[in-house]
Amino acid sequence: MHKHSKSANDIFIKGARVHNLKDISVSFPRNKFIVVTGVSGSGKSSLTIDTLFAEGQRRYAESLSAYARQFMSRMVKPDVDYIKGLCPAIAIEQKVITRTPRSTVGSMTEIYDYLRLLYARAGRTISPVSGREVKKDDVADVLKAIKLLLVGSKVIILVAFKQHAKREIREDLNILIQKGFSRLFINDQAVKIEELLELNDKALNEKVNTKKLQPYILIDRIVTRNFDEDDLHRISDSIGTAFYEGEGEMYVQVNGVELLHFSNKFELDGIQFEEPVPNLFSFNNPFGACPTCEGFSQVLGIDEDLVIPDRRLSVYDSGVAPWKGEKLGWWREQFVKGAKSIDFPIHKPIADLTPAQYELLWNGKGNVYGIHAFFKEVEQNLYKVQYRVLLSRYRGRTNCPDCHGFRLRKEALYVKVGGKHIGELCQMQTKDLKQWFNKLQLNDHDKQIAKRILIELHQRLQTLIDVGLGYLTLNRLANSLSGGESQRIQLTRSLGSNLTNSLYILDEPSIGLHSRDTERLINVLKQLRDAGNTVVVVEHDEMMMREADHIIDMGPLASHLGGEVIAAGNYNEIISNPESLTGKYLKGELQVSIPKVSRKYLRYLRVENARHNNLKDITVEFPLNMLCVVSGVSGSGKTTLVKQILYPALKKIKGEFADKVGFHKALTGDVDYITQVELVDQNPIGKSSRSNPVTYIKAYDQIRDLYANQPLSRIRGFQPKHFSFNVDGGRCDTCKGEGEQVVEMQFLADVHLTCEVCGGKKFKEEVLEVQYKNKSIFDVLELSVDESIEFFKEEKTLTKALQPLQDVGLGYVKLGQSSDTLSGGEAQRVKLASFLGKGKASGNVLFIFDEPTTGLHFHDINKLLTSFNALIEQGHSIIVIEHNTDVIKNADWVIDLGPEAGDAGGNLVFAGKPADLKKVKESYTAKFL
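In the numbering used here, the protein residues as written are 317 to 1245.
And the structure:
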């Protein structure tokens, strides 16, 4: 086997035995772009994440203080002889990290933090009343104004004299003398305060009459000339005193004619504005968040989709749901009668109304009352039970009426840069935002301030576009992203931090990427490498392998048949290695076979006039009893069409609960033929760490029965429940069957420690003594699916239940592997296995898969396609959202959306057989087929 010549500073692993690794030694050349590949379960993640990264983390932990280390003393050292030349390691995995509705794309990539800084430093506060800029004067501004006057001008610095409500004028004047002021300025004349105090009360009140004339306190008198340093100090002191005495306001009289007003309050048009600081623009901070929705952008209110459930109807055709019946029908009638006077088209479908007309429908005008007025009346009658019922029918999550979904208090939205407030920038797609920043014009002063911030913004936005996420908006919720999207966002963050000399480990970053975007992603990874980092990518993508500097091929097969390095070297060395399964597929010796016979197009479902998100009013037919693939670049509208329109619409027709259905005209075709619809996505199969593949496919019940029937169990009176780690009885009482305890670290990630009582075996000692073929229940859970099928070969029903897991290419997964350690693709295939296991009984099911090839090697895609074909043979139908060219070639029917992402996508580029797709010029998919 070929070994590349090791240089002294490579990262070298000696004797790795984690999970299924067979005591292997392997070196990772430094500052190179390395791809680790191999069939699923061959030990790629064990080598990269569980050995390299875990050791990097452990070494980091050892550098911490003794206090922090006491929690980590039991951070297990990976089972390896030694690792030499390891640098700081960063792992970017494909889990959707955040569940909170506060986290957005902007906050995850740190772009929003830079925007907040930009607005706080270079933002202009614009008054909503007059549209003028709100400014605040300081000492320097007044000084500048005085310096600009002609030499020899007479300048008087004044402050308005205000009489205190509870004091006589005489008292006020005495206080002024105590403060050191000697003159008032009345009617353009300077008057000594001492002279005023000699007058009697009546004459004094006449003279200083604050109702008729505004008297001023005279602070200082100056004649302008070329001031020296001392003069400027004196004038500055006077101005400071004036601002203090005048509570933020002062006047400068020039040559007895002109009176200039200065204020250091941040106000205009009678409104006191907030001064821009970064926290004013943070929706996660009580200071900046909109008080109504608390920064969540949505509140409980009148849900537009419930009030107007079918936007194809016009107002005349009862498009507004509550305006029905004898009594409430009056609202519809008055609106229809008055529509002419406000120029409203009552026969036009609500979907086709212009934004202004839609606004009229809700707000009304003059004597024509809109929907808001209707609900106002309902709210006034809430003491009647029927009105409470009526209101509850139309309540739901809706955009916050105060901040209009921008999440910030109104003061923050008065601040603008380049004519837009921060909320408007967050609604733009990142590629458009980048264009906007390219054209942004700032004055010289702001340019200096914002220079560094803009460099960071340009860089991060460009990286987002480079990793194929130019279609995302900054206010997109983090928990609505797919695994691949969230991984690429973390990549943006890592690139933004400009680390060098680090080890980046990425787990399949090309997930959910069209081949066109994979090219861009490879460039981003090469930038990381060129910055002096070592980039290790666990990947099955052929393009990635072609571009890699070094490939490590694990295998030969999965689980106990894998765990060895089959080949290492560059692309050509892998191809020419006869042992390498990957090499054979790359060379074309082996390939994912294309079916000989294509299936007949007999039945279909038709989605008519879909125009949700970016779909451009398209009508699409999905054939049934076939393998139908929906393809297109990332962000072209595949998820919108399949998961937000087709899936919920079909569920609603079947009378089941579904999320909001995306906007379309109708779902027609052979709807009755389908008995149920199943969305098999990449969400985890179980939230708890106790759920695992064998419990999910319901095979664990049979294993428990088998153990409860052993002679020792009968003697001790054990029932099946004693072999469950979900109920008390047989499980370890300390860790409750978890096998580990979690120590919550305040600022670091939680640390999982093996339970000290059961040693991680989850069960009590007496339960573990029950054995079948010399293995306890814990030993069985440690077996892989492949091993357990061999182990239980006498128990036919049990092996039959486990078989589907092997069929979908999960033979390497341990029976008891916790579901939260399964990747998105594995979780999806466990779900597929559970359906395969149910067999023929369940009618005609429509399965929708979201990128099922995630984490699959060419060799396993063959198995997956076999499982698909098995489902179709049973009479089911399959729709797959997929970028993998092998799956597209194997489809009976391809629906290609695009041609681009975001606004430039959403069109139906092609629908038909894969062979015909190659002729379509504008399809990106065609180029890569």
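Using N, Cα and C, we set each Cβ at its ideal position, and we do this for glycine too. The model shown is predicted, which means the values in this text are computed figures rather than measured ones.
Under 8 angstroms Cβ to Cβ from Leu465, same chain only, skipping five residues before and after it: list those, please.
-> Position 149 of the sequence shown, counted from the start, is the residue given in the question as residue 465. Closer than 8 angstroms at Cβ, skipping near neighbours: Val471, Thr540 and Val570.
Give the C-beta separation of Leu1180 and Leu1172 to the nearest angstrom, bearing in mind that I take them to be a contact with Cβ-Cβ under 8 angstroms.
-> As a first step, residue 1180 is located in the sequence shown; it is residue number 864 there, counting from the start. As a first step, residue 1172 is located in the sequence shown; it is residue number 856 there, counting from the start. In this structure, Leu1180 and Leu1172 form a Cβ contact; the two beta carbons are roughly 6 angstroms apart against a cut-off of 8 angstroms.
Through-space distance from Asn930 to Phe979, alpha-carbon basis = The sequence position of residue 979 within the sequence shown is 663, counting from 1. The sequence position of residue 930 within the sequence shown is 614, counting from 1. Rounded to the nearest whole angstrom, the C-alpha separation of Phe979 and Asn930 is 11 angstroms.
Taking the alpha-carbon positions, what's the Ala262 to Val623 distance?
-> An answer regarding residue 262 cannot be provided, because it is not within the stretch 317 to 1245 covered by the chain.
On a CA-only basis, which of Ser826, Pro1120 and Thr956 is nearest Val783? Give me that one, please.
-> On the sequence shown, position 467 is the one that residue 783 refers to. Taking only the C-alpha atoms, the option nearest Val783 is Ser826.
Secondary structure of Asn791, DSSP reduced to three states | Translated into positions along the sequence shown, residue 791 becomes position 475. Reduced to three states, the DSSP call for Asn791 is coil.
Would you report the Cα separation of Ser630 and Ile662, rounded to the nearest angstrom?
-> In the sequence shown, the residue the question calls residue 630 occupies position 314. In the sequence shown, the residue the question calls residue 662 occupies position 346. In a straight line, the C-alpha of Ser630 is about 6 angstroms away from that of Ile662.
Hey, how far is the Cα of Asp857 from the Cα of Ala1242?
-> Taking the sequence shown and counting its residues from 1, the one referred to as residue 857 is at position 541. Taking the sequence shown and counting its residues from 1, the one referred to as residue 1242 is at position 926. CA-CA distance, Asp857 to Ala1242, rounds to 17 angstroms.
Please classify Tyr383: does DSSP put it in a helix, a strand, or coil?
-> Reading the sequence shown from its first residue, position 67 is the one you call residue 383. Residue state for Tyr383 is assigned as helix, using DSSP reduced to three classes.
Residues bridged to Tyr567 by DSSP?
-> Walking along the sequence shown from the start, residue 567 turns up at place 251. Listed as beta-bridge partners of Tyr567 by DSSP are Leu474 and His577.
Can you say whether Val1010 is buried or exposed, counting buried as having 16 or more other CB atoms within 10 angstroms of its CB?
-> Indexing the sequence shown from 1 puts residue 1010 at position 694. Buried: at least 16 other Cβ atoms inside 10 Å.
In three-state terms, what does DSSP make of Pro939?
-> On the sequence shown, residue 939 is found 623 positions in, with the first residue counted as 1. In the three-state reduction of the DSSP assignment, Pro939 falls in the strand class, which pools E and B.
To the nearest angstrom, report how far apart Val853 and Lys932 are at their CA atoms.
-> Within the sequence shown, numbered from 1, the residue matching residue 853 stands at position 537. Within the sequence shown, numbered from 1, the residue matching residue 932 stands at position 616. Approximately 37 angstroms between the Cα atoms of the pair.
Tell me the DSSP bridge mates of Asn1223?
-> Indexing the sequence shown from 1 puts residue 1223 at position 907. Answer is Gly1214.
Might you give, ordered along the chain, the residues of its own chain that have their beta carbon closer than 6 angstroms to the beta carbon of Arg333, omitting 5 neighbours on each side?
-> Along the sequence shown, read from residue 1 onward, the residue named residue 333 stands at position 17. The beta carbon of Arg333 sits closer than 6 angstroms to the beta carbons of Asp339 and Asp395 from its chain, once the five residues preceding and following it are set aside; these are given in chain order.
Would you mind stating whether Leu1099 and Leu1121 have Cβ atoms separated by less than 8 angstroms?
-> Taking the first residue of the sequence shown as position 1, residue 1099 is located at position 783. Taking the first residue of the sequence shown as position 1, residue 1121 is located at position 805. No, Cβ-Cβ distance for Leu1099 and Leu1121 is not below 8 angstroms.
List the residues that DSSP assigns as beta-bridge partners of Phe328.
-> For the purposes of this step, residue 328 is taken as the residue at position 12 of the sequence shown. Ser343 and Lys400.
Classification of Lys1234 by the beta-carbon crowding that lies within 10 angstroms, buried from 16 upward | The residue given as residue 1234 occupies position 918 in the sequence shown. Taking all protein chains shown into account, Lys1234 has fewer than 16 neighbouring C-beta atoms within 10 Å of its C-beta and is therefore exposed.
Below 7 angstroms CB to CB, which residues in the same chain sit around His480 once its five sequence neighbours on both sides are set aside?
-> Start at 1 with the first residue of the sequence shown, and residue 480 comes out as number 164. Same-chain partners within the cutoff: Asp488.
Counting pairs of Cβ atoms below 8 angstroms between the segment 835–853 and the segment 1183–1202, do you hit three or more?
-> Judged by Cβ distances under 8 angstroms, the segment 835–853 makes no contact with the segment 1183–1202, as fewer than three pairs qualify.
Assuming Ile687 contacts Leu676 under a Cβ cut-off of 8 angstroms, what Cβ separation, rounded to an integer in Å, is found between them?
-> Translated into positions along the sequence shown, residue 687 becomes position 371. Translated into positions along the sequence shown, residue 676 becomes position 360. Taking the Cβ atoms as the reference, Ile687 lies roughly 10 angstroms from Leu676, outside the contact range of under 8 angstroms.
Where does Phe501 fall in DSSP's three states?
-> Looking up residue 501 in the sequence shown gives position 185. In this structure, DSSP gives Phe501 an extended state, which the three-state scheme calls strand.
Determine which residues share a DSSP beta bridge with Asp1166 and list them.
-> Locating residue 1166 in the sequence shown gives position 850, where the first residue counts as 1. Asp1166 pairs with Ile1197.
In whole angstroms, what separates the C-alpha of Ile493 from that of Ile509?
-> Counting from 1 along the sequence shown, the entry for residue 493 is found at position 177. Counting from 1 along the sequence shown, the entry for residue 509 is found at position 193. Straight-line Cα distance between these residues: approximately 8 angstroms.
Can you list, in chain order, the residues of its chain whose CB lies under 8 angstroms from that of Asp626, leaving out five sequence neighbours each side?
-> Mapped onto the sequence shown, residue 626 falls at position 310. Here the set comprises Gly635.
Alpha carbon to alpha carbon, how far is Arg628 from Asp668? Give it in angstroms, no decimals.
-> As a working note, residue 668 is residue 352 in the sequence shown. As a working note, residue 628 is residue 312 in the sequence shown. Asp668 and Arg628: Cα-Cα distance of roughly 8 angstroms.
Given a cut-off of 8 angstroms, decide if Ile867 and Met859 are closer than it, judged by their beta-carbon atoms.
-> Locating residue 859 in the sequence shown gives position 543, where the first residue counts as 1. Locating residue 867 in the sequence shown gives position 551, where the first residue counts as 1. No. Outside cutoff.
Extent of the continuous beta strand (DSSP E) run through Arg922 | Residue mapping note: residue 922 aligns to position 606 of the sequence shown, counting from 1. Tyr920 to Ala926 is the span of the beta strand (DSSP E), which, as asked, contains Arg922.
Helix, strand or coil at Lys319 [DSSP, three-state] | Counting from one through the sequence shown, the residue named residue 319 turns up at place 3. Because the pLDDT at Lys319 is just 47, under 50, the model does not fix this residue reliably, and the point stays unresolved.
Could you spell out the range, first to last residue, of the beta strand (DSSP E) harbouring Ala883?
-> As a first step, residue 883 is located in the sequence shown; it is residue number 567 there, counting from the start. Where Ala883 is concerned, the enclosing beta strand (DSSP E) stretches over Glu880 to Gly885.
Reduced DSSP category for Gly354 - H, G, I as helix; E, B as strand; rest coil = One-based indexing of the sequence shown puts residue 354 at position 38. If DSSP states are grouped into helix, strand and coil, Gly354 belongs with the strands.
Do Trp1209 and Lys1237 come within 8 angstroms of each other at the CB atom, strictly closer than that value?
-> In the sequence shown, residue 1237 corresponds to position 921, counting from 1. In the sequence shown, residue 1209 corresponds to position 893, counting from 1. Going by beta carbons, Lys1237 and Trp1209 fall outside the 8 angstroms limit.
State buried or exposed for Gln1078, treating a residue as buried only when at least 16 other CB atoms are found within 10 Å of its CB.
-> Indexing the sequence shown from 1 puts residue 1078 at position 762. Note on identity: in this sequence residue 1078 is Lys, with Gln being the wrong assignment. It counts as buried.
Would you mind stating whether Ile1001 and Lys1147 have Cβ atoms separated by less than 8 angstroms?
-> Taking the sequence shown and counting its residues from 1, one reaches residue 1001 at position 685. Taking the sequence shown and counting its residues from 1, one reaches residue 1147 at position 831. A contact, by the Cβ cut-off of 8 angstroms.
Straight-line Cα distance separating His1068 from Phe1041 = For the purposes of this step, residue 1041 is identified with residue 725 of the sequence shown, where counting begins at 1. For the purposes of this step, residue 1068 is identified with residue 752 of the sequence shown, where counting begins at 1. Distance from the CA atom of Phe1041 to the CA atom of His1068, rounded to whole angstroms, is 18 angstroms.
Based on the DSSP secondary-structure assignment, which residues constitute the bridge partners of Met744?
-> Taking the first residue of the sequence shown as position 1, residue 744 is located at position 428. According to DSSP, which records beta bridges pairwise, Met744 is partnered with nothing at all.
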